[in-house]
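Here's the structure, in structure tokens; my notes come after.
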Amino acid sequence: MAAESHRFLTCDGLLNQAGSGPSFYLLISTFQFGSWFALVIMILLTAAVLKIIFNLTRLYRNPILILIAFLVEQGIEVTPQKRKMYASIFLLAPWLLMSIVISNAYKGQNVTDLISPPKPITVSQFEEILAQNYTLYVAMQKYYDDRSRKFVEWAGTSRVLSRLHISIEDYKSENLSKDELKFLEKLESRIFVIRDRHNLTLINAISSCNKSAIVPFGNAIDEYESQLKFLRPNSHVVKSREEFYKKERGWLVGYAIDPQLETRFSALFQAGMINLWRKYIQFLRMIKFNSVNRASVNGRDDEKVKPLQIGGNFSVVFYLLSILIVFCTAVFCFERILGRFGRKNEVILFPME
0 MAAESHRFLT
10 CDGLLNQAGS
20 GPSFYLLIST
30 FQFGSWFALV
40 IMILLTAAVL
50 KIIFNLTRLY
60 RNPILILIAF
70 LVEQGIEVTP
80 QKRKMYASIF
90 LLAPWLLMSI
100 VISNAYKGQN
110 VTDLISPPKP
120 ITVSQFEEIL
130 AQNYTLYVAM
140 QKYYDDRSRK
150 FVEWAGTSRV
160 LSRLHISIED
170 YKSENLSKDE
180 LKFLEKLESR
190 IFVIRDRHNL
200 TLINAISSCN
210 KSAIVPFGNA
220 IDEYESQLKF
230 LRPNSHVVKS
240 REEFYKKERG
250 WLVGYAIDPQ
260 LETRFSALFQ
270 AGMINLWRKY
280 IQFLRMIKFN
290 SVNRASVNGR
300 DDEKVKPLQI
310 GGNFSVVFYL
320 LSILIVFCTA
330 VFCFERILGR
340 FGRKNEVILF
350 PME
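Residue 0 is where the sequence shown starts when you use numbering that gives the first Met the number 0, and the numbers rise one by one after that.
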């Protein structure tokens, strides 16, 4: 459906981030919160098991330091060869494999994000340009004079000086919050209306690229964007993504009783006319769709939304490590039993020598 709205255009589109400092969010944004939480839990759990093994075997090592060293791919001495136990081998071997997977995934994600030069951040919303005190240039509202047969400036009140002023007044007529009213007041205070006596066009007004922007209405912004890129090829020409006071174009139908109204308007649409009646047609179709599918939709209330889980190789290594922790505990208990049995045999056989 065709619609028109206000969007700003500027050739000084770099967002001023002075004083914000470098952002280290990329260092932790590689993995989601669930992945980091699972990794911390597995480090603490594995470190607790290794601490028990080291205490019983009288090995003075820091288990957390060993696990972190594996994650950052740093070599560290674990145990002497003669005192190495199979329980710790079964536990540290999968952790070493998991560390390789995690470290490669982490480095692969951050090579382009941290090493490559950061992309310039440009303005995209009205609040951003208002926060940086941009001047918004708009054209004077004009109407066609039948006597002079030309467009002349509107001589009314200041509320209708431009198309942007009209949109602001229409927007204020709605039920708005205090923040929205404050935004509209600040927006209106930054508007500069270009009149005929100024002998200035919208493109010339912002060609200096110094905290200035134009706010046309409708598709005229595309033409202004092409002109501005031609005049300022080395500038940061930015067209806003945000649309202020988006308004649909077309026909408004009230109190229609013709049963063939939808068919007639469909023929007009096929002829190339885009109108507001499409919203009415979509509304009728949604009513029909809801009436047919209401039973099936209401019958799914007992279904629960499945939360996002850690998938792929990242989850496999956690499952493998959890299983091997249990297996490690069994092997460690078996080693302790064999150790006690061997010491008893040494005590019995020693007098015979």
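From the three backbone atoms N, C-alpha and C, an ideal C-beta is built for every residue, glycine too.
Small disclaimer: the values here were computed from a predicted structure and weren't measured.
- Excluding its 5 nearest sequence neighbours in each direction, THR121 has C-beta neighbours in its own chain below 8 Å: GLY12, LEU13, LEU14, HIS235, VAL237, listed in chain order.
- Residue range 177–188 is occupied by the alpha helix (DSSP H) that includes GLU184, with no beta strand (DSSP E) assigned at that position.
- In the DSSP assignment, GLU241 is bridged to no other residue.
- If you draw a straight line from the Cα of ALA212 to the Cα of LEU135, it comes to about 5 Å.
- Excluding five sequence positions before and after ILE101, none of the CB atoms of its chain fall closer than 6 Å to its own CB.
- Pairing SER161 with GLN140 gives a Cβ-Cβ distance under 9 Å.
- Between LEU64 and the set LEU55, THR45, ASN54, ARG57, the nearest pair of CA atoms involves THR45.
- Straight through space, the alpha carbons of GLU127 and ASP257 are spaced by roughly 48 Å.
- Under the DSSP assignment, TYR170 falls in the alpha helix (DSSP H) whose first and last residues are 162–171.
- With a contact defined as Cβ atoms closer than 8 Å, SER4 and TYR170 miss out at about 11 Å.
- Within the model, the alpha-carbon separation for ILE322 versus MET41 is close to 12 Å.
- Pairing PRO215 with VAL151 gives a Cβ-Cβ distance that is not under 9 Å.
- Boundaries of the alpha helix (DSSP H) around GLU222: 219–230.
- Spatial neighbours of SER166 in its own chain (CB-CB distance under 8 Å, excluding positions within 5 residues in sequence) are listed in chain order as HIS5, PHE216, PHE243, TYR244, LYS246.
- Contact annotation, LEU227 with ILE202: C-beta distance approximately 6 Å; criterion of less than 8 Å satisfied.
- LEU90 sits buried, since 16 or more C-beta atoms from the chains shown fall within 10 Å of its C-beta.
- A distance below 7 Å between beta-carbons, with the five flanking residues on each side excluded, links CYS208 to the following residues of its chain, in chain order: CYS10, ASP11, ARG231, SER234.
- Boundaries of the beta strand (DSSP E) around GLU152: 149–152.
- Secondary structure at GLU3: strand, using DSSP grouped into helix, strand and coil.
- Around the C-beta of CYS327, 16 or more other C-beta atoms lie within 10 Å, and the residue is accordingly described as buried.
- Note: THR9 is bridge-paired with VAL237 in the DSSP secondary-structure output.
- LYS185 is a Cβ neighbour of LEU129, given a cutoff of 9 Å.
- Relative to VAL39, the option among ILE190, LEU66, LEU26 whose CA is nearest is LEU66.
- The alpha-carbon of ARG194 is positioned some 20 Å away from that of GLU168.
- Under a 10 Å Cβ-count criterion, ILE324 is classified as buried, with 16 or more other Cβ atoms of the shown protein chains found around its own Cβ.
- With a threshold of 16 other beta carbon atoms within 10 Å, ILE27 falls short and is exposed.
- Within a 10 Å sphere around the beta-carbon of LEU49 sit 16 or more other beta-carbons, which makes this residue buried.
- DSSP, read as helix, strand or coil, puts ASP195 in helix.
- Boundaries around THR45 are those of the alpha helix (DSSP H), 32–55, since no beta strand (DSSP E) includes it.
- When the Cα atoms are used, ARG146 and ARG196 turn out to be separated by approximately 21 Å.
- In the same chain as GLN259, and ignoring 5 residues on each side of it, no C-beta atom comes closer than 7 Å to its own.
- Exclusion of the five residues before and after TYR105 leaves THR29 as the residues of its chain whose Cβ lies within less than 7 Å of its Cβ.
- In this structure, PHE125 sits near PHE7, with a CB-CB distance shorter than 9 Å.
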